[in-house]
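Each step along the sequence shown adds one to the number in full-length UniProt numbering, with nothing skipped, and position 170 is 170. A quick write-up on the structure given underneath.
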Amino acid sequence: GCYEQLGQQGSKDPRRLRTHCLTFQRYKFKKKWAVTLPKITCSRLALQYFDMNYSLQFGELWPSIRISLLSEQKYGALVNNFSQGPTVIQKLSTLNARDFIFEAQRSVSDLQSDTLKDSKVVKEANEFPLEADVLEPQTQHLPKKQASSLMSSLLYSSLSCFTFSRGDISRFPSPRSDIFGHLEYYLMDAASLLPVLALNVPPDSDVLDMCAAPGGKMLALLLAGNCRHLTANDMSISRSGRLRRVLLSYIPRELRTEDKVRITSWDGRNWGENESSAYDRVLVDAPCTTDRHSLLEEDNNIFHRLRTKERQMLPKVQVELLVAALQTVKPGGEVVYSTCSLSQLQNEYVVQRAVELASSEHGIHTELQDLSCFREIFKNIFNFSTDCRIGELVLPHLTANFGPMYFCKLKRLP
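Here it is as structure tokens:
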């Protein structure tokens, strides 16, 4: 390019124009910031985000939770009741693994025995009045009606899931197939079974698993044997394909027919409009920041820069899914909402907002169900938060590195 300049030194006429020409040169090695500056990985970005938010939420507990999230996760082996059950249980027992559901059933039995004794004490006390301070220790341990129902249901659960003891970091071998091609057990985060147990599915129920992939909770619902019909949904077609593979690997052909289990790929947010008041129980294992995965895996990481908008929209999507679940459950039916995130914004606040919207926009009223008995029943297996205002939260811990797993139960009032 050229430009003109007036009155240069040495010019006889100061008004005379002088023309200068510029030559632009492109260097062979141009510095590119996108290449030369260090890249921040998705997992590193996730860690920075969690440090900033969870250090405020958990305070002095965060360093312990943080190191646990960054360490190897513990798994549970969910026994396939349709495989060679007794043989599998014996095999897992020889590994020094324990069936944590069976142990919980023993705890429930002991608690119910204590409750009967306490009730007898109270009855006798009413017949022969004593001082109030003598009765108080017995009465304060009586379970609430909701907790009693949950414990009774757990007592007769047909599920078996083996875990290694606290502090034991042994790994389960990969499951083998039996003579019918069914795998012996399904490896999963044992804390993921808690939402299924909390759902408390009664016999002959129509159940919806709204966000079913990868399929562990769907499988547990089928193994429990109380579903008259199960609808397993995931909006992703590829993830729905994974659900089908789980069915093929674990469930006999005669039990995976369309009249017993259906796999769909709908947007769960529209479910309330499509099938209103249709199910006895609904499980919403909502998409979330999947905290542990985000810290350890780069593939399909929600903290990828191309998924920033998706991540920011998570609480809104979660609220819409839970509202849809409250619409599609029958009056008197129950909904369990769960995530594998520690975030209050994705957990308690989502439940609170969904309850408000369901009431104001759809006239649906709900009742929060008490799940505090889970803390007592499973205290030897999982590390529970004591600061969760709504629902329950399993915190990762080095000696019991399950979770995170948040779950909350709502009942739709008639």
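Even for Gly, the Cβ is constructed at its ideal location relative to N, Cα and C. Please read all numbers here as calculations on a predicted model, not as lab measurements.
- Here the alpha carbon of Arg-281 sits roughly 34 Å from the alpha carbon of Ile-179.
- CA-to-CA, the gap between Met-210 and Arg-269 works out to about 9 Å.
- Residue pairing for Lys-74: DSSP places it in no beta bridge.
- Put simply, the backbone Cα of Phe-82 is about 7 Å away from that of Tyr-250.
- A residue is called buried once 16 or more other Cβ atoms fall within 10 Å of its Cβ, and Lys-409 is buried on that count.
- Between Ala-77 and Phe-172 a beta carbon distance of about 5 Å is seen, short of the 8 Å cut, so the two are scored as contacting.
- Looking only at Glu-356, Ile-302, Ala-400, the smallest Cα-Cα distance to Arg-44 is reached by Ile-302.
- The residue among Gln-318, Leu-155, Met-235 with its C-alpha nearest the C-alpha of Ser-109 is Leu-155.
- Residues Ala-213, Pro-214, Gly-215 of the same chain have their beta carbon placed closer than 7 Å to that of Arg-242, with the five preceding and five following residues left out of the count.
- A direct Cα-Cα distance of roughly 28 Å separates Asp-387 from Ser-360.
- For Phe-162, the enclosing beta strand (DSSP E) starts and ends at 161-163.
- Residue state for Leu-398 is assigned as coil, using DSSP reduced to three classes.
- Considered as a whole, the stretch 290-367 harbours 329-339 as its complete beta strand (DSSP E) runs of no fewer than 3 residues, in chain order.
- Residue burial is scored here from C-beta neighbours: Gly-363 has fewer than 16 other C-beta atoms within 10 angstroms and is therefore classed as exposed.
- Within the same chain, Asn-80, Ser-83, Pro-175, Arg-176, Ser-177, Ser-249, Tyr-250 come within 8 Å of Leu-183 by CB-CB distance, once the 5 residues on both sides are set aside.
- Note that the C-beta distance between Phe-162 and Arg-98 is below 8 Å.
- Close CB contacts of Phe-164 within its chain, under the 6 Å cut and outside five residues either way in sequence, are with Ala-97, Ser-170 (chain order).
- Scanning the stretch 39-90 for uninterrupted beta strand (DSSP E) segments of 3 residues or longer gives 76-79, listed from N- to C-terminal end.
- Boundaries of the alpha helix (DSSP H) harbouring Met-218: 216-224, taken from the DSSP string.
- Between the alpha carbons of Val-88 and Leu-95 lies a distance of about 11 Å.
- DSSP assignment within the stretch 186-213 yields the following whole alpha helix (DSSP H) runs of 4 residues or more, N-terminal first: 193-199.
- For the pair Ser-192 and Met-405, the CB atoms are nearer than the 8 Å cut-off.
- Assigned with DSSP and collapsed to three states, Asn-96 falls in coil, not helix or strand.
- Residues of the same chain with a CB within less than 6 Å of the CB of Trp-271, apart from the 5 flanking positions on each side, are Ala-324, Thr-328 in chain order.
- The beta-carbon distance between Gln-369 and Glu-334, rounded to whole angstroms, is 7 Å. This is short enough to meet the 8 Å contact definition.
- The C-beta distance from Leu-194 to Phe-58 rounds to 20 Å, too long to meet the 8 Å contact threshold.
- Following the DSSP letters along the chain, one finds Arg-281 inside the beta strand (DSSP E) bounded by residues 279-285.
- Residues of the same chain with a CB within less than 8 Å of the CB of Ala-224, apart from the 5 flanking positions on each side, are Ser-157, Ser-158, Leu-159, Val-196, Val-201 in chain order.
- When secondary structure is reduced to three states using DSSP, Phe-102 falls in the helix class.
- Note on geometry: alpha-carbon atoms of Phe-378 and Glu-72 lie some 21 Å from one another.
- At least 8 Å separates the beta-carbon of Leu-345 from that of Asp-291.
- When Lys-330, Gly-403, Arg-353 are compared, the shortest CA-CA separation from Lys-411 is found for Lys-330.
- Spatial neighbours of His-293 in its own chain (CB-CB distance under 7 Å, excluding positions within 5 residues in sequence) are not present.
- Only buried fits Ser-68, as 16 or more other CB atoms lie within 10 angstroms of its CB.
- The beta-carbon separation of Ser-64 and His-397, rounded to 7 Å, stays under the 8 Å limit for a contact.
- Excluding residues up to 5 positions away in sequence, Thr-231, Tyr-279, Val-282 lie with their Cβ nearer than 6 Å to the Cβ of Leu-208 in the same chain.
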